[in-house]
Amino acid sequence: MALNLIMLGPPGAGKGTQAERFGRHRGIPKISTGDMLRESVKAGTEIGLRAKAIMDRGELVSDDVMIGIVEERLDKPDAQDGFILDGFPRTVAQAQALDRLMEGRDPLVVIDITVPEQELIRRLSSRVVCSDCGSNAEGVDPSQMKSTPCKKCGGALKQRSDDNEAVIRERLKVYRRDTQPLVDYYKARATFRSVFGAQPLDRVEEELSFAVAHATKHLNGGGR
Ligand code: AMP
């Protein structure tokens with residue numbers, strides 16, 4: 000059975016970091032809509048140019064654009080044996096569209112990562128990422144980023160343009176308004192699990208693996 004996993008949770012919950020670790024172990028692609036948009040911005044495509052201003056304000060790119068991007072990505076051969084979606088769906092309309100895209104495929108497993116808001120603000124305002132490969136430079140303080148190369152690719156480190164206090168507050172507001180309702184959308188499903196994300200990375204990874212194993216066992220046992 001293909002593992003079709005989605006990671007819910009607010010910005011800064013650790014979805015990307017956990018999705019990357021988990022995908023590497025399982026040999027399934029991590030599909031991050033934020034990363035895809037940032038690549039489009041870098042490449043200067045039309046979608047990228049339009050998305051940049053929206054992302055810099057902390058708002059959401061339109062459902063139509065996002066659903067189109069994800070539909071195309073899920074059609075690729077490497078996503079046929081499972082995937083981890085990070086950052087999608089972010090609205091009920093996106094979740095409904097994803098359910099339609101999943102017709103004829105194995106059911107979704109949904110993991111919601113919860114983290115208290117104060118901790119999210121602390122994490123996002125001190126987050127350092129690579130300007131080349133986009134990976135998160137865990138443990139590097141912004142004051143040291145200029146003198147520290149990316150551990151993965153040697154690229155220059157930076158802070159994301161939307162990781163400043165005003166935009167962080169807007170993103171959390173948008174999360175509460177548009178994305179948190181997805182917990183209600185999914186929570187009645189037998190494959191929904193919640194994981195507490197304000198713990199050391201390895202511990203979150205362990206609990207995530209356990210939650211996925213538990214949800215999948217249930218699926219194999221015949222539930223939805
Ligand atoms: P992320 O890297 O997931 O924090 O996403 C960064 C930004 O990209 C968000 O603040 C949105 O502006 C945009 N974005 C990413 N995924 C979506 C999505 N599923 N729907 C709408 N906007 C998105």
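In numbering that gives the first Met the number 0, the protein residues as written are 0 to 223. Positions of the beta carbon are idealized from the N, C-alpha and C atoms, including for glycine.
Quick one: what does DSSP say residue i is sitting in, helix, strand or coil?
| i | result |
| --- | --- |
| residue 111 | strand |
| residue 195 | strand |
| residue 101 | coil |
| residue 8 | coil |
| residue 59 | coil |
| residue 85 | strand |
| residue 128 | strand |
| residue 157 | strand |
| residue 201 | helix |
Going by the beta-carbon positions, is the gap between residue i and residue j smaller than 9 Å?
| i | j | result |
| --- | --- | --- |
| residue 8 | residue 113 | yes |
| residue 2 | residue 27 | yes |
| residue 156 | residue 127 | yes |
| residue 30 | residue 92 | no |
| residue 110 | residue 193 | yes |
| residue 108 | residue 187 | no |
| residue 11 | residue 120 | yes |
| residue 200 | residue 16 | yes |
| residue 131 | residue 154 | yes |
| residue 54 | residue 40 | yes |
| residue 4 | residue 81 | yes |
| residue 100 | residue 59 | no |
| residue 34 | residue 133 | yes |
| residue 36 | residue 94 | no |
If we count the other Cβ atoms within 10 Å of its Cβ and call it buried at 16 or more, is residue i buried or exposed?
| i | result |
| --- | --- |
| residue 18 | buried |
| residue 125 | exposed |
| residue 103 | exposed |
| residue 85 | buried |
| residue 14 | buried |
| residue 137 | exposed |
| residue 222 | For residue 222, the pLDDT reaches just 44, beneath the cut-off of 50, and the residue's location in the model is therefore unreliable, although a value from the coordinates is still provided. Exposed, by the Cβ-count rule. |
| residue 129 | buried |
| residue 22 | buried |
| residue 178 | buried |
| residue 149 | buried |
| residue 161 | buried |
| residue 0 | exposed |
Just grab the DSSP bridge partners of residue i for me.
| i | result |
| --- | --- |
| residue 13 | Per DSSP, none; premise fails for residue 13. |
| residue 2 | 81 |
Could you check where the beta strand (DSSP E) with residue i kicks off and where it finishes?
| i | result |
| --- | --- |
| residue 230 | The requested residue 230 does not occur in the structure, where the chain is confined to residues 0 to 223. |
| residue 31 | 29 to 31 |
Along the alpha helix (DSSP H) that carries residue i, what are the first and last residues, could you check?
| i | result |
| --- | --- |
| residue 165 | 164 to 173 |
| residue 182 | 180 to 185 |
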